[in-house]
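The opening position of the sequence shown corresponds to residue 36 in the numbering used here, with each subsequent residue numbered one higher.
We put the beta carbon where it would ideally sit given N, CA and C, even for glycine.
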Amino acid sequence: MDAQVALADLPRWEKPFHIFWLLGPFFLLIERSPADLWLSILALAFAVRSLCHRDGAWLSHGWVRAAFIFWFVCLLSASFSITPAYALGEAMSWFRFPLFAMAAAFWLGRDKRLLYAMLLSSGFGMMLMTGILTAEMLIEGQKGGRLTWPYGDLVPGNYLAKAGLPAFCVMVALAVSARGKTIFLMGTLASFSLALSVLTGERINLIIRLCAGFMAGISWRFTWRKFVLVCVISIVVVLSVFALQGSVEGRFTTAILHDLPTGASSDYYRVMGGGVMAFFDAPLLGIGTANYRELCANILAEGSAFRCDNHPHNFYIQMLAETGILGFAAGLFMISAMIMSLFRAGRANKQNVVAATAYIVPLGLFFPLQSTADFFGQWNNIFLWSAVALSMAAVNLRAEQGSS
36 MDAQVALADL
46 PRWEKPFHIF
56 WLLGPFFLLI
66 ERSPADLWLS
76 ILALAFAVRS
86 LCHRDGAWLS
96 HGWVRAAFIF
106 WFVCLLSASF
116 SITPAYALGE
126 AMSWFRFPLF
136 AMAAAFWLGR
146 DKRLLYAMLL
156 SSGFGMMLMT
166 GILTAEMLIE
176 GQKGGRLTWP
186 YGDLVPGNYL
196 AKAGLPAFCV
206 MVALAVSARG
216 KTIFLMGTLA
226 SFSLALSVLT
236 GERINLIIRL
246 CAGFMAGISW
256 RFTWRKFVLV
266 CVISIVVVLS
276 VFALQGSVEG
286 RFTTAILHDL
296 PTGASSDYYR
306 VMGGGVMAFF
316 DAPLLGIGTA
326 NYRELCANIL
336 AEGSAFRCDN
346 HPHNFYIQML
356 AETGILGFAA
366 GLFMISAMIM
376 SLFRAGRANK
386 QNVVAATAYI
396 VPLGLFFPLQ
406 STADFFGQWN
416 NIFLWSAVAL
426 SMAAVNLRAE
436 QGSS
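This is the structure we're talking about:
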């Protein structure tokens, strides 16, 4: 009802955009093209609205300026690369993702009633995905230890771990520190979705959710007794899936140890090493935004211990390779500014569970010690930035007496 009142208070032309925004988690369940169209339309609408209203106040925020600085370095790197047309196109199109986060923070999610509605929509989407994956397990089962519905490829865990991360963090925080029936309901939903994360076979995404859940449990109204209980339940859920689906266990234990990028026996070491070699080839501005897949073969010598891939499988190595030390510094500044902005907002409003846990989303998704997808790619960024955008809107929450 609160969301309906908030929508009714909006100017007539803005209502469809806000409703469209609230439907986003369901567009993400369809496929990359509808999801990208959803995100791009809202980012463009925000830019046009800002120009029409001559509203530039949002440009004064530190994390916004940091994003523009990073984008400028990406454009500069692309301009000086050996394939400027391609690299500039990739750099230009990438900015729709942080622009969408700005749209959520300074337009779509400014009203807390709509922000809560979007969080609820995200939670519904996350549970719908768990239902879809459960149906896949019952009908087809795993394929090579992985699940693929509803996309037909190996990315459904991205939806749970990235697009659903803001809602998951709130669920875990409520399971630890809420009262009454809320504890049981949130704990059950979080445990169910966590079990499906194990069954997807996506290791990094499971680790992101486990670590984010741990952080959420200590970020809002922390109590040791309930926190330990939730941790024990999470461990039992994961171990139970291992016991019931024995083919999964090795992927999350011995395979992780084997894949650690500590030597040439690890494929991740060889792929990430290729990114480091590309950085040494052009240390100041890199080889050009999104150029790694095009130029890697020309950079690595024949018989090299490293190998090429579409990207180096680590955001920060990719920044170094494609945008150089300047882009790496600017990218680190942008990510740090987002995390600190949310952390300060959470500290100022510790009684609000959404504000208190929002910083976990960019911290987890941009954490440096993990293998990642393409920093400038489409599908990964749709999942990632939809979550970051929702979390950045939490800066609008203000401390209220008895808020939660």
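Mapping the DSSP letters down to three states, classify Lys440 as helix, strand or coil.
A question about residue 440 goes unanswered here, because the residues of the chain that appear run from 36 up to 439.
Contact check, Ser112 vs Glu329, beta carbons under 9 angstroms:
no
Quick check: Tyr327 and Ser406, are their CB atoms within less than 9 angstroms of each other?
no
Whole-angstrom distance between Asn240 and Ile104, CA atom to CA atom:
29 angstroms
Identity of the residues DSSP links to Lys178 by a beta bridge:
Arg181
Element boundaries [alpha helix (DSSP H), containing Phe39]
Sequence check: residue 39 is Gln here, not Phe. Residues 37 to 43.
Report yes if the CB atom of Gly222 is closer than 9 angstroms to the CB atom of Ile253, and no otherwise.
no
State the Cα-Cα distance for the pair Phe443 and Pro296, rounded to the nearest angstrom.
Residue 443 falls outside the range modelled here, since the chain spans only 36 to 439, and no answer is possible.
Taking the C-alpha atoms as reference points, what is the distance between Leu461 and Leu425?
Limits of the chain in this structure are 36 at one end and 439 at the other, which puts residue 461 out of reach.
Can you tell me which of Val207, Thr288, Ala140, Ala230 puts its alpha carbon nearest to the alpha carbon of Leu220?
Val207
Would you tell me roughly how many angstroms separate the C-alpha atoms of Trp73 and Gly59, rounded to the nearest one?
7 angstroms
Closest by CA to Val265, which one among Gly285, Phe277, Leu224, Arg238?
Leu224
Could you give the first and the last residue of the continuous alpha helix (DSSP H) run that contains Leu240?
Rather than Leu, the amino acid found at residue 240 in this sequence is Asn. First-last of the alpha helix (DSSP H) with Asn240: 238 to 254.
Test item: CB-CB of Phe314 and Phe350 under 9 angstroms:
no
According to DSSP, is Glu66 helix, strand or coil?
coil
Buried or exposed: Asp409, going by 16 or more other Cβ atoms within 10 Å of its Cβ?
buried
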